[in-house]
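Positions -21 to -1, 1 to 129 (mature numbering (1 follows the signal peptide of the UniProt record, and there is no 0)) are the ones given, in order, by the sequence shown. So the structure is just underneath, and the comments pick up after that.
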Amino acid sequence: MKTLFLASVTMLFSLVGYAYAAPASAVPAGILDKARPDMTLAQLEEWGDLSLLQATLLEGDGKIYGKYLINDPERNIDAGYFAVKKNKFSMTFPFSELATVLQGSVTLTNSATGERKTYHPGDSWIIRKGTPIVWETHSAEFIKYYFKVE
């Protein structure tokens, strides 16, 4: 899992033209530990609503939840857990993202091409900044493990 995650992060950075080196003061904190598939909404913080992502809510309550494992505003990167309840929303991705589904399922539709895929626990995706996506979660709770670069 660690090797796949590291390879995917390297690929994500190459897609967006970044090279990442940890700050010299960085202390290894176990960030690349195994994602917790047993993570629940109760263990996450309420971050607000989908308007923070410039998303348009189509169905549902629009609340978002999460927990940062990396939050580096200087480098415009963060990683951690992100969750929503059953929702449908559209957004143009304001960042590039690598994500793996931990709980629930979601159908992502590329609004520009019509390409549509459904993801379940263990499935991953990479979405480039600027891609218009319609999200439709099919479960009461949806949780992903993500890494994003603005």
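In this text, a Cβ means the ideal position worked out from N, Cα and C, and glycines have one as well. What you are looking at is a predicted structure, and each value in this text was computed from that prediction instead of being measured.
Is the segment 112 to 122 close to the segment 62 to 69, with three or more CB pairs under 8 Å? Short answer: they touch.
Give the single residue among LEU32, PHE74 and LYS65 whose Cα lies nearest to the Cα of SER84. The shortest Cα separation from SER84 among LEU32, PHE74 and LYS65 belongs to LYS65.
Hey, out of GLU129, ILE122, PHE126 and LYS127, whose CA is closest to MET18's CA? Here the closest residue by C-alpha is ILE122.
Return the chain-ordered list of same chain residues with a C-beta closer than 6 Å to the C-beta of THR79, the five sequence neighbours on each side being excluded. Contacts found: SER103 and TYR124.
Return the chain-ordered list of same chain residues with a C-beta closer than 6 Å to the C-beta of PHE61, the five sequence neighbours on each side being excluded. Taken in chain order, the residues that qualify are GLY45, LYS123 and TYR125.
Outcome for GLN82 when other beta-carbon atoms lying within 10 angstroms are tallied against a minimum of 16: Taking a 10 Å sphere around the C-beta of GLN82, we find 16 or more other C-beta atoms and assign the residue as buried.
Taking 8 Å as the limit between beta carbons, can you name the residues of its chain near GLN33, skipping five residues before and five after? Once the five neighbours on either side are set aside, the close Cβ partners of GLN33 are MET70, THR71 and PRO73.
Name the residue from ALA119, ASP40, LEU20 and GLN22 whose alpha carbon lies nearest to the alpha carbon of ASP28. Per the C-alpha coordinates, the member of ALA119, ASP40, LEU20 and GLN22 positioned closest to ASP28 is ASP40.
Alpha carbon to alpha carbon, how far is LEU20 from ILE105? Give it in angstroms, no decimals. Rounded to the nearest angstrom, the two C-alpha atoms are 23 Å apart.
Could you round the C-beta distance between LYS42 and GLU25 to whole angstroms and report it? I think they count as a contact, below 8 Å. Sure, about 6 Å apart at Cβ, within 8 Å.
Using a threshold of 9 Å, state whether the C-beta atoms of LYS127 and GLU94 are closer than that. Their beta carbons are not under 9 Å apart, which means LYS127 does not touch GLU94 by this criterion.
Enumerate in chain order the residues of its own chain whose CB-to-CB distance from PRO100 is below 7 Å, with the five nearest sequence positions on each side excluded. Within the same chain, PRO16, VAL80, LEU81 and GLN82 come within 7 Å of PRO100 by CB-CB distance, once the 5 residues on both sides are set aside.
Limits of the beta strand (DSSP E) - the one that ASN52 falls within: One point to set straight first is that residue 52 is Pro, not Asn, in the sequence displayed. Careful: PRO52 lies outside any beta strand (DSSP E) and carries neither H nor E.
Among ILE56, SER90 and SER118, the one whose alpha carbon lies nearest that of TYR98: If we check each option's Cα against that of TYR98, SER118 comes out closest.
Proximity to residue 131 [Cα-Cα], best of THR92, GLU129, ARG54 and ALA91: As shown, the chain starts at -21 and ends at 129. That puts residue 131 outside it, with no answer to give.
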